[in-house]
Amino acid sequence: MNINWIDLSIVGVYLVMIAMVGFVIRKKASSGVENYFLAGRNLPWWVLGVAGCSSYIDIAGTMALVGALFYLGLKTVWMTNIFWGWFIMAGYMAFQAKWIRRSGVMSFAEWNETRFGKDRDAEMARLASAIFLLVLMIFNLVYMAVGIGKFAEDVFPLTRWQSTLIVFGVVGIYVTLGGFYGVVITDIIQTVLILAGAVIMIVMIFSGGIGTDLAASKPEGWSSLALNWHLWPGYVDSAPAAYQHFSLFGPLMIIGFGWMLFRVLAGPNVWDFQFFLTTRSPRDAAMAGGLWTAMFMLRWIIAIAFLLLGISFLGSTETIDSEKILPMVISRLPVGISGLFLAVMLAALMSSLNAMVNVTANVVTNDILKRYFFKNLPEKKVVRMGQLASIVALLLGFVFSLSINNVISAWETMIFVVVTMILVPATMRWHWWRFSGKAFVWSMICTAAFIALQKIFFGSISSTNSLGINTFASLLITIAIGFIFKPTDKQVLVKFYSKVKPFGFWGPIRKESVAQGLMKANDREPMWDAINGLIAPVFQFIIALLPFYLFLRRWPQFWLTAALLAGVTLVLYFTWYKNLPSKDEK
């Protein structure tokens, strides 16, 4: 595609404007470590909710979602929320966001001191978490870079690596200079752009009568929400290799459900953890999580709209690369509108990328360099180290991305191999009182070793079956190791439980907390958190259905779904909103 100079100018102006944010706020951001990494813990909940939503909408993820919608149809709602673990956002809303904020720490790794204390075992847990997060962030950056390259090579008059380098360079400028303030301000700008793009696409689809006959052109079952053991006949022949494992849909959902439970219960292990630490209070963190979950509808609107426009422009042929529908649609839009959508998708990408870079710099600076090598470094120099770490992280992500070409393969490798090694151990930290810091470290090591050996000696096992085997093995390993090592000091556990109040296997510690007068015997907050952990996913699931029924003009299903959404929202008002932490809790 030879992009028109007007569209190119729109993109250029956007990139320059975003880069300028870093220069404008660099003085405020660099005034201290907490300002640079956590924006002074003084951001309103709605700002974090909007910024968080924007950070979850990216080019690579949207391309993969459009591809999944193209082949799976409405079943994509099941697949993404369960098999890809998107229900984790409902967990943020229901309980995780406020639990994280109550810790009062500065990073994902430092949180381990809240749970395990400050002995040698806790230090091991903190270091293990920091190393894991660094590896995961590099994988995330690689995944993002793959998406940028695949998108850009069909849109810009540049090679894949040139386009990726430009985008990484702009993000590097404003994140390095602006810190978390830069992340949030640009996320707000980018959310406005994404909203504008969503409105324009809705108008285009409805004014052009696009999508009315889509269901009829697809196989039976494509527009059905029914859970089937196998997908429709001919699916494997029509889908590329990266999507063929979805054919056995029933087993995939069963395996994915087990993995997803631990994904939700373990809590966030990437930049979202840091988002909730920046709020003013646990109540604000929960409110931000609620808004984040509700606004995720934007991702579905964008993806479904691109799918419909793509099929309208290109036809419903199975021979096209579905992951390239997004750039191909943009290339066929009118001059000016095409430039706006290029800016919209770059905004979606950069809002995810900037958060990744900031949290990576936080871990490198506060959990490794400052803690083990430069303990007495002045705050100004700590910030400079964070800025250098941001640049190095971007460079590593860029270099490693040059050897990967497939978006969905990069995504599933990251979440099913790298993330799986921590899910069960991280779950036990929150929900099992006798799980110690040493048990956390060794269960991570043993799970990682099991996954590595499985890949080496049984590499022919499908990725879906590997996920089920690895998750179940990790559960057995983690429980066994949890019983081998002695629990964390009881007083540390009492302090943690009485402050955070997680649900799970905390009987002896709850009894001791009540005996010490640190919480009331009839405190039902953990119970309501568990209940909301069941209701919030229903809320999130229904939100994803609405755009699908709207765009396909399936009005009976749309109005029924809207009524269900209203009913679930009313239930959450009494079970979730009325039980939020007090406004006075800090």
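Under numbering that gives the first Met the number 0, the first residue of the sequence shown is numbered 0, with each subsequent residue one higher.
Note that beta-carbon positions come from the ideal geometry of N, C-alpha and C, so glycine has one too.
Closest option to residue 431, judged by alpha-carbon separation, among 287, 461, 479 and 395: 479.
Residue pairing by DSSP places residue 431 opposite 504 in a beta bridge. Only buried fits residue 267, as 16 or more other CB atoms lie within 10 angstroms of its CB. Rounded to the nearest angstrom, the Cβ distance from residue 368 to residue 344 is 35 Å, too far for a contact under 8 Å. Shown here, residue 226 sits in coil according to DSSP, grouped into three states, outside any helix or strand. Residue pairing from DSSP places residue 278 in a beta bridge opposite 42.
Short of 7 Å from the beta carbon of residue 41, and not among the five residues preceding or following it, lie these beta carbons of its own chain, in chain order: 279. Residue 399 and residue 141 have their alpha carbons spaced roughly 6 Å apart. Within the same chain, Cβ atoms closer than 8 Å to the Cβ of residue 581 are found at 282, the five residues on either side in sequence being excluded. By the beta-carbon neighbour count (other beta carbons within 10 angstroms, threshold 16), residue 95 is buried. Below 8 Å, enough C-beta pairs join the stretch 48-66 and the stretch 182-189 to call them touching: three or more. Residues of the same chain with a CB within less than 7 Å of the CB of residue 303, apart from the 5 flanking positions on each side, are 68, 546, 547 and 550 in chain order.
Residue 576 carries a helical assignment under DSSP once its states are collapsed to helix, strand and coil.
Apart from the 5 residues on each side of it in sequence, residue 532 sits with its Cβ closer than 7 Å to the Cβ of 90, 93 and 94 in its chain, given in chain order. Judged by beta-carbon spacing, residue 295 lies within the 9 Å limit of residue 55, meaning their Cβ atoms are closer than that value. According to the DSSP assignment, residue 449 belongs to the alpha helix (DSSP H) that extends over 436-456. Spanning the alpha carbons of residue 542 and residue 120 requires a straight line of approximately 43 Å.
In the displayed model, residue 570 falls within a helix according to three-state DSSP.
Straight across, the Cα-Cα distance linking residue 511 with residue 493 is about 7 Å. When the five nearest sequence neighbours on each side are left out, the beta carbons in the same chain lying within less than 8 Å of the beta carbon of residue 165 are those of 14 and 157, in order along the chain. In the three-state reduction of the DSSP assignment, residue 109 falls in the coil class, being assigned neither a helical nor a strand state. Residue 546: member of the alpha helix (DSSP H) spanning 524-550, first to last residue.
Below 8 Å, enough C-beta pairs join the stretch 483-497 and the stretch 113-129 to call them touching: three or more. Residue environment: residue 569 is assigned as exposed (fewer than 16 neighbouring CB atoms within 10 Å of its CB, all protein chains considered).
Around the beta carbon of residue 566, a 10 Å sphere encloses fewer than 16 other beta carbons of the protein chains shown; the residue is thus reported as exposed.
Between the alpha carbons of residue 81 and residue 114 lies a gap of roughly 28 Å. One Cα belongs to residue 446, the other to residue 469, and the distance between them is close to 8 Å. Contact check for residue 539 against residue 86 passes: the beta carbons are separated by less than 9 Å. In this structure residue 452 is exposed. Its beta-carbon is surrounded by fewer than 16 other beta-carbon atoms within 10 angstroms. For residue 251, the enclosing alpha helix (DSSP H) stretches over residues 248-265. Separation of residue 79 and residue 333 (C-alpha to C-alpha, rounded to the nearest whole angstrom) is 32 Å. For the stretch 65-139, the full-length alpha helix (DSSP H) segments reaching 4 residues or more read 87-90, 96-102 and 110-115 along the chain. About 37 Å separates the CB atoms of residue 7 and residue 362; that is not less than 8 Å, and the two are not in contact.
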